[in-house]
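Colleague:
2 protein chains.
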Amino acid sequence: MSSVKEVAEVAGVSVGTVSRYLNGQQLKAANMAKIADAIQQLDYKQNIIAKGLKNNQSFSIGLLMNSISSRFGAEVVSGIEAIVEKQGYSLLLSGFNGDAQLVNQKIDYLMAHAVDGLIVFLADEEWQGMEKLAQMTIPVVSINSPNQLVNVDSILVNDRTSVKQAIQHIISLGHQKIGMITARQTDYGARERLAGATEAVALAPMFHW
Amino acid sequence: MSSVKEVAEVAGVSVGTVSRYLNGQQLKAANMAKIADAIQQLDYKQNIIAKGLKNNQSFSIGLLMNSISSRFGAEVVSGIEAIVEKQGYSLLLSGFNGDAQLVNQKIDYLMAHAVDGLIVFLADEEWQGMEKLAQMTIPVVSINSPNQLVNVDSILVNDRTSVKQAIQHIISLGHQKIGMITARQTDYGARERLAGATEAVALAPMFHW
DNA sequence: CTGAAAGCGCTTACAG
DNA sequence: CTGAAAGCGCTTACAG
Chain A
1 MSSVKEVAEV AGVSVGTVSR YLNGQQLKAA NMAKIADAIQ QLDYKQNIIA
51 KGLKNNQSFS IGLLMNSISS RFGAEVVSGI EAIVEKQGYS LLLSGFNGDA
101 QLVNQKIDYL MAHAVDGLIV FLADEEWQGM EKLAQMTIPV VSINSPNQLV
151 NVDSILVNDR TSVKQAIQHI ISLGHQKIGM ITARQTDYGA RERLAGATEA
201 VALAPMFHW
Chain B
210 MSSVKEVAEV AGVSVGTVSR YLNGQQLKAA NMAKIADAIQ QLDYKQNIIA
260 KGLKNNQSFS IGLLMNSISS RFGAEVVSGI EAIVEKQGYS LLLSGFNGDA
310 QLVNQKIDYL MAHAVDGLIV FLADEEWQGM EKLAQMTIPV VSINSPNQLV
360 NVDSILVNDR TSVKQAIQHI ISLGHQKIGM ITARQTDYGA RERLAGATEA
410 VALAPMFHW
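Residue numbers (the numbering used here), protein chains in the order written: chain A, 1 to 209; chain B, 210 to 418.
1. Anything in the stretch 34-58 of chain A with a Cβ closer than 8 Å to a Cβ of chain B? List those residues in chain order, please.
2. Evaluate the contact criterion for the stretch 136-150 of chain A versus the stretch 107-120 of chain A: three or more CB pairs, one atom per stretch, below 8 Å.
3. Let me make sure I understand the geometry here. Which of A399/B, A239/B, M210/B, L311/B has the alpha-carbon closest to that of A220/B?
4. Could you give the residue range of the beta strand (DSSP E) that holds M274/B?
5. At a cut of 8 Å, does the stretch 44-56 of chain A reach the stretch 318-325 of chain B through at least three beta carbon pairs?
6. V213/B lies in the alpha helix (DSSP H); which residues open and close that run?
7. From the DSSP output, in three-state form, read off D153/A for me.
8. Beta-carbon of E408/B versus every beta-carbon of chain A: anything under 8 Å?
9. Please name the residue in G189/A, I181/A, T182/A, A166/A whose C-alpha comes closest to that of H175/A.
10. Among the residues of its own chain, which have a CB less than 8 Å from the CB of Q394/B, if the five just before and after it don't count?
11. List the residues of chain B that M111/A touches, going by C-beta distances under 9 Å, in chain order.
12. At 4 residues or longer, what runs of the alpha helix (DSSP H) sit wholly inside the stretch 138-202 of chain A?
13. Using alpha carbons as the reference points, say which of D317/B, G398/B, T346/B lies closest to V366/B.
14. Name the chain A residues that come within less than 8 Å of E290/B, Cβ to Cβ?
15. Cα separation between E81/A and V286/B?
16. From this set, S223/B, K373/B, L342/B, R369/B, which residue's C-alpha is nearest S363/B's C-alpha?
17. If I'm right that E215/B touches L251/B with Cβ under 8 Å, what's the distance once you round it to whole angstroms?
18. Determine the contact status of A409/B and Q377/B, defining contact as a CB-CB distance below 8 Å.
19. Based on the DSSP output, what are the partners of L301/B in its beta bridges?
20. Given that S299/B touches chain A, what residues does it touch there, using C-beta distances under 7 Å?
21. Going by other Cβ atoms of all chains shown within 10 Å of its Cβ, with 16 needed for buried, is N360/B buried or exposed?
22. Count the other C-beta atoms from every protein chain shown that fall within 10 angstroms of the C-beta of D37/A, then say buried if there are 16 or more, exposed otherwise.
23. Kindly list, in the order they appear in chain B, the residues whose Cβ is closer than 7 Å to that of S196/A.
24. What three-state label does DSSP hand V324/B in the structure shown?
25. Quick one: what's got a C-beta closer than 7 Å to S223/B's C-beta in the same chain, skipping five residues either side?
26. Going by the DSSP bridge assignment, what does V120/A pair with across the sheet?
27. Kindly say whether S220/A, judged by its beta-carbon, lies nearer than 8 Å to any beta-carbon of chain B.
28. Under the rule that 16 or more other beta-carbon atoms within 10 Å means buried, what is G88/A, buried or exposed?
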C-alpha cells in the first residue's frame, strides 16, 4: 500500500499538500494534476485507520443486537448496512445472542474499536444496564427498545396503535368473534400489540371479548 | 479516553514500559503493580486503532456477502461474528444485495478500512471478477462459492453427495415415485443438489425417473 | 528491566 | 496556495 508520502514524492509536493488535495481543498491546478497522476500511478488508497487517529474517529459505527439470526433482525442489519456504507462508514457487528449479561462487555468491546456511534437493537430482551448508554460520549440510537434515556434517540414501532386500529377496523366491519394469536409476552413489542388489542375491545361497548 | 501517556505519568514510568506491560511482557513487580493501579484509576482502555497503525493491522475482518437478509445468511453472520469477536477482532459487514457489479467496489471499501482478512460469501450469485480475490495480500476464504483460486481457502457444503445419498436411501426403501422440489437453478448449491438427485437415479437401474 | 526516540499514515495550525 | 513540523496513541529497536 502506498502512502501520502510516496504520492508526495512522485508528485513533487509536500505531504501536507497531498493531504489537502485528498480532502477536497483548492490548490494550484498544476499541482492538482500532478497529484492526481501520482495517485493513479501508485494506485494509492487512503488509509482510513490512520486518518481517524488524528481526531480519534474510526469511521465505523457499532451495531449491537440480540438476534442477528432472526428474520427481522437480518432485515434491519441489511438496511442499516446499506446506509452506513453509503456514507463511507463501516458497520461493526456485535451480537449477544440472548445473553443480556454480555451486553456491557460488548459495549466495551465496541468502544475499544472506537466506534463513532452506536446502534442498539435489543429486540426481545430486556436489559438492566441500559443507563450505561446514557453515559456514552458518542451518539447512541436504540431501536425497538423502550427507554427514556436523555441522550439516546429511539426508534419504536407503534405496535400498540397499529394493532388497535386493525382490531377496530375488524370490529367496525361487524365481526363478533375475533381471535388473536400473540407472540411470547417476553418481548416489549409483543406486549404492546396485545395491549393495543385489549384497548380496541375495551372501547367497543357492543363487543364482548 | 486516557492514553498510555497518562497511565505512564500516573504510574511514574515511561510510555514504553506501559506498552510492554499491556502486551504481557515481564517487568519489575513493583512497576507492574503501579501500572495496574494507574490503569484502574484512569479506567484506561487500549486504543485498538492506534495499536494497529504501527504494523498496519486493523484487528477487523471483512465479511462480504450477498443476502444478509436470507435465513441462511443470517445464521452464517451470527456464527462468524461470535468467533471473530472471541478472538478480539471485529466484523466489518458489507453486503451487495444481489448486485454483483458492486462487489469490486465493496472490496475496495473493505480494503480502505484495512481489514486483516476477508470472508466472501456469495450465496446465490456468480461473480465474474473473482480473480481479484487471488491478488489480495490478506487471507481470503470463500464460503459456498465454487472457485479454484490458489490463495483462497474455500468452504463448500457437499450438496451433491448429500442429496444423492438421501435419494439413494429413499430408493433403497423401495419407493417408486419420488418428487423433488428444486430451488431456482441460479444458485450453485441448488444446481448441485439437483445434480446429486439425477446421479442417484441414474445409478439405480431398476428405477424409472 | 526500562527510558528516549523514531516511526506507523495522516492532518492541521503556523508561517510564509 | 504550500512547506515544515508537531501530533494522534501506540510499538519497538537501540542503548544502557
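All residues carry an ideal CB built from backbone N, CA and C; glycine is no exception.
All of these numbers come straight from a predicted model, not from anything done at the bench.
Modeller: According to the structure data:
1. Of all residues in the stretch 34-58 of chain A, K45, Q46, N47, I48, I49, A50, G52, L53, N56, S58 have a Cβ within less than 8 Å of some Cβ in chain B.
2. Touching, yes, given that three or more Cβ pairs across the two stretches are closer than 8 Å.
3. The alpha carbon of A220/B has as its nearest neighbour, out of A399/B, A239/B, M210/B, L311/B, the alpha carbon of A239/B.
4. Residues 269-274.
5. In short, these stretches touch, since the Cβ pair count reaches three.
6. From DSSP, the alpha helix (DSSP H) with V213/B extends over 213-220.
7. Here D153/A sits in strand by DSSP.
8. Output row for E408/B: interface = no.
9. Nearest to H175/A by C-alpha distance, out of G189/A, I181/A, T182/A, A166/A, is A166/A.
10. The answer, listed in chain order, is R400, L403.
11. Here the neighbours are M210, K254.
12. Listed in chain order, the complete alpha helix (DSSP H) runs (minimum 4 residues) inside the stretch 138-202 of chain A are 159-172, 188-202.
13. Shortest Cα-Cα distance from V366/B to any of D317/B, G398/B, T346/B involves G398/B.
14. Result: I68, L93, S94, G95.
15. Approximately 13 Å, taken between the alpha carbons.
16. Checking every option, the nearest Cα to that of S363/B belongs to L342/B.
17. Sure, about 6 Å apart at Cβ, within 8 Å.
18. The Cβ atoms of A409/B and Q377/B lie closer than 8 Å to each other.
19. Paired residue(s): L92/A, G271/B.
20. Annotation: Cβ neighbours of S299/B in chain A (cutoff 7 Å, chain order): L92, H113.
21. N360/B is exposed by the Cβ-count criterion.
22. Exposed is the label assigned to D37/A, since fewer than 16 other Cβ atoms lie within 10 Å of its Cβ.
23. Note on residue identity: the sequence assigns Gly, not Ser, to residue 196/A. Within chain B, not a single residue places a beta-carbon under 7 Å from that of G196/A; the smallest gap is close to 27 Å.
24. Coil, per DSSP.
25. Cβ neighbours of S223/B within its own chain (closer than 7 Å, five residues either side excluded): A217.
26. According to DSSP, V120/A bridges with L64/A, S142/A.
27. In the structure as shown, chain A begins at 1 and stops at 209. Residue 220/A is therefore absent and cannot be evaluated.
28. Flag for G88/A reads exposed.
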